[in-house]
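**Student:** Before anything else, here's the structure in question.
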Amino acid sequence: MPPLPSALQEAATRHLPAALAWLRRMVDCNSFTSNAPGIDAVGRLTADCFAELGFEPEFVPSQHPDHGHHLFLSRPGSSKPILFVTHLDTVFPPEEEARNHFYWCESPDDACIYGPGVVDNKGGTMMIWLTLQILRDLAPDFLAQNHLIIAANAAEEVIGSDFAERTAERCPSGAQAVLVFEGGPVEASIRHHLVIARKGRLEMRIDCFGKGAHAGSNLHLGINAITELAHLLPQVAALTNPDQNLTVNIANIHGGTVLNRVPHHASVELEVRAYDPAILAQAEAHLHALSGLTPGGAQIEVTTFGRTRAWPGGPETSALAATWAKAASECGLETLPTTRGGLSDANYLCALGPTLDGLGPFGDHAHCSETDPASGKRPEFVYPASFIPKATLNALALLNLAK
Ligand SMILES: [Zn+2]
6 MPPLPSALQE AATRHLPAAL AWLRRMVDCN SFTSNAPGID AVGRLTADCF
56 AELGFEPEFV PSQHPDHGHH LFLSRPGSSK PILFVTHLDT VFPPEEEARN
106 HFYWCESPDD ACIYGPGVVD NKGGTMMIWL TLQILRDLAP DFLAQNHLII
156 AANAAEEVIG SDFAERTAER CPSGAQAVLV FEGGPVEASI RHHLVIARKG
206 RLEMRIDCFG KGAHAGSNLH LGINAITELA HLLPQVAALT NPDQNLTVNI
256 ANIHGGTVLN RVPHHASVEL EVRAYDPAIL AQAEAHLHAL SGLTPGGAQI
306 EVTTFGRTRA WPGGPETSAL AATWAKAASE CGLETLPTTR GGLSDANYLC
356 ALGPTLDGLG PFGDHAHCSE TDPASGKRPE FVYPASFIPK ATLNALALLN
406 LAK
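Numbered according to my numbering, the sequence shown spans residues 6 to 408.
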């Protein structure tokens, strides 16, 4: 007999104080992406809290020398693994936490807990823990019979693919499911957002090479790189197309030196995002087609210096989302599939198997550390009560998945 939703919920309620105690220890430990000792300390705490669930830790160095170790926790099994994905790092340097007095703070008045990483993504880690705890209590076969891997990225907040490569090495024939525990909002107390697609991203630069000249005596001999580049920018910006969910953001512009020189060089950096890989590729081709000579004689060079693949969702993700929707109906909840423009590890790991994101707790103001009630500034927070229904939902869905 599968466990009743009410029994899972009671178990989640029973384990919540322990989950929050672990969460507090993790939040108290600064783990800004480039604070490698802090990342490693959070990694050890994470390994400790999952040890009681029978997970063996493996610490794997990041490719970047300034980053900490990725953490892989596993329980063996012969089947393809179910992959639980989280990250150890935050976006907050220790000095910023000190400057803004941004530390663990329980606020009974608004039923939330503030703190760096409390939802993004230490709360996600503890959602994995709580989900597996209640399964151990009420459906011990789930842990005994499934190959489970928890993969914790040391440097999710910066772009990089080495974590995905190390993860793929541990799933040589792919994963049964890739479950990403980024936070998930809840509407009207019952409607739990799930993330079923994320945009891909191109990082690009346009260089414009003009011709220098003395601005006082020989202006006519120069080719002004700034004005030549500026002529191009309206058509670059016009590539943004809401019908295609395509955005082009001109992010910075540099050019010229002192007042008495015709500038010989100017450049812009931009990022392009879309859900559909074909639309992203088309936009990239359009931008590269700007290369060559401008009417005024400047040379345009277009470079793509970074790319993150889109996670477009699709039938396998929809099937996973349906498993969660069914579980939600079993416990009186609903799910709402959503898409996001921002990146997560789902972009990098979706090739390993059916992927679903947004399985973490409900919180908000991720990446914010300032408090100022007058201007509405509130730092990152999580609703601790949101752990209980979401862990229940995740546990029921996992049981349906493993059937
Ligand atoms: Zn983040």
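Cβ coordinates follow ideal geometry from the N, Cα and C atoms, glycine included.
Let me know the secondary structure DSSP gives Ser222 once reduced to three states.
**Tutor:** By 1-based counting over the sequence shown, the position of residue 222 is 217. Ser222 falls in the coil class under three-state DSSP.
**Student:** Which residue from Pro86, Leu404, Asn250 and His270 puts its Cα closest to that of Gly261?
**Tutor:** Taking the sequence shown and counting its residues from 1, one reaches residue 261 at position 256. Cα-wise, what sits closest to Gly261 is His270.
**Student:** List the residues that DSSP assigns as beta-bridge partners of Pro81.
**Tutor:** Here residue 81 refers to the residue found at position 76 when the sequence shown is read from its first residue. Looking at the DSSP assignment, Pro81 forms no beta bridge with any residue, so it has no partner.
**Student:** Between which residues of its own chain and Gln228 is the CB-CB distance below 7 Å, once the five residues before and five after are set aside?
**Tutor:** Position 223 of the sequence shown, counted from the first residue, corresponds to residue 228. One point to set straight first is that residue 228 is Ile, not Gln, in the sequence displayed. Only Gly215, Lys216, Gly301, Gly302 and Ala303 meet the Cβ criterion.
**Student:** Using the beta-carbon count (16 or more within 10 Å), is Phe77 buried or exposed?
**Tutor:** The residue labelled residue 77 in the question sits at position 72 within the sequence shown. With 16 or more other Cβ atoms within 10 Å, it is buried.
**Student:** Curious, which full-length beta strand (DSSP E) runs of at least 3 residues does the segment 301 to 362 contain?
**Tutor:** 304 to 313 and 339 to 345, all fully within the segment 301 to 362.
**Student:** Does DSSP put Cys54 in a helix, in a strand, or in coil?
**Tutor:** Numbered from 1 along the sequence shown, position 49 holds the residue referred to as residue 54. In the structure shown, Cys54 sits in a helix (DSSP, three-state: H, G or I).
**Student:** Thinking C-beta only, is His152 closer than 8 Å to Gly82?
**Tutor:** The residue you call residue 82 lines up with position 77 of the sequence shown. The residue you call residue 152 lines up with position 147 of the sequence shown. Cβ distance < 8 Å, so Gly82 and His152 count as in contact.
**Student:** Indicate, with yes or no, if ligand 1 has a heavy atom lying under 7 Å from the CB of His293.
**Tutor:** Sequence index remark: in the sequence shown, residue 293 carries index 288 (1-based). Not under cutoff, so the answer is no.
**Student:** Starting from Ser11, trace the alpha helix (DSSP H) both ways and give me its first and last residue.
**Tutor:** In the sequence shown, the residue the question calls residue 11 occupies position 6. Taken as a continuous stretch (DSSP letters only), the alpha helix (DSSP H) holding Ser11 covers Pro10 to Val32.
**Student:** If the criterion is Cβ atoms closer than 8 Å, does the pair Tyr119 and Glu375 meet it?
**Tutor:** Taking the first residue of the sequence shown as position 1, residue 119 is located at position 114. Taking the first residue of the sequence shown as position 1, residue 375 is located at position 370. No. Outside cutoff.
**Student:** Nearest to Leu207 by CA position, among Leu93, Arg278 and Pro66, is which residue?
**Tutor:** Against the sequence shown, residue 207 aligns to sequence position 202. Out of Leu93, Arg278 and Pro66, Arg278 has the C-alpha closest to the C-alpha of Leu207.
**Student:** What first and last residue would you give for the beta strand (DSSP E) that runs through Gly129?
**Tutor:** Counting from one through the sequence shown, the residue named residue 129 turns up at place 124. Per DSSP, Gly129 belongs to no beta strand (DSSP E); it is in the alpha helix (DSSP H), Lys127 to Leu143.
**Student:** Which term fits Phe310, buried or exposed, when burial requires 16 or more other beta carbons within 10 angstroms of its beta carbon?
**Tutor:** The residue labelled residue 310 in the question sits at position 305 within the sequence shown. Burial call: exposed.
**Student:** Sort Leu364, Leu401, Val183 and Glu276 by Cα distance to Pro86 and report the nearest one.
**Tutor:** Position 81 of the sequence shown holds residue 86. That would be Val183, whose Cα lies nearest to the Cα of Pro86.
**Student:** Starting from the C-beta of Ala46, find all residues in its chain whose C-beta is less than 7 Å away, skip the five residues before and the five after it, and write them out in chain order.
**Tutor:** As a first step, residue 46 must be located in the sequence shown, where it is residue number 41. Excluding residues within five positions, the ones whose Cβ falls inside 7 Å are Cys34.
**Student:** According to the Cβ coordinates, are Ser166 and Tyr353 closer than 8 Å?
**Tutor:** If you number the sequence shown from 1, residue 166 lands on position 161. If you number the sequence shown from 1, residue 353 lands on position 348. Against a cut-off of 8 Å, the Cβ pair of Tyr353 and Ser166 comes out as a contact.
**Student:** To the nearest angstrom, how far is it from the Cα of Ala149 to the Cα of Pro113?
**Tutor:** What you label residue 149 is simply residue 144 of the sequence shown in a count that begins at 1. What you label residue 113 is simply residue 108 of the sequence shown in a count that begins at 1. For Ala149 and Pro113, the distance between alpha carbons rounds to 38 Å.
**Student:** Is the separation between the beta-carbon of Gly365 and that of Gly188 shorter than 8 Å?
**Tutor:** Position 360 of the sequence shown, counted from the first residue, corresponds to residue 365. Position 183 of the sequence shown, counted from the first residue, corresponds to residue 188. Yes. Within cutoff.
**Student:** Quick one: what does DSSP say Thr232 is sitting in, helix, strand or coil?
**Tutor:** The residue you call residue 232 lines up with position 227 of the sequence shown. Thr232 falls in the helix class under three-state DSSP.
**Student:** Check whether the Cβ of Asp212 sits closer than 7 Å to any heavy atom of ligand 1, and report yes or no.
**Tutor:** In the sequence shown, the residue the question calls residue 212 occupies position 207. Asp212: no, Cβ never under 7 Å from ligand 1.
**Student:** Which partner residues does Cys213 have in the DSSP bridge list?
**Tutor:** Position 208 of the sequence shown holds residue 213. Answer by DSSP bridge pairing, in chain order: Ala271 and Ile305.
**Student:** Would you kindly report the start and end of the unbroken alpha helix (DSSP H) that includes Val164?
**Tutor:** On the sequence shown, residue 164 is found 159 positions in, with the first residue counted as 1. For the record, residue 164 in the displayed sequence is Ile; it is not Val. Where Ile164 is concerned, there is no enclosing alpha helix (DSSP H), given that its DSSP letter is neither H nor E.
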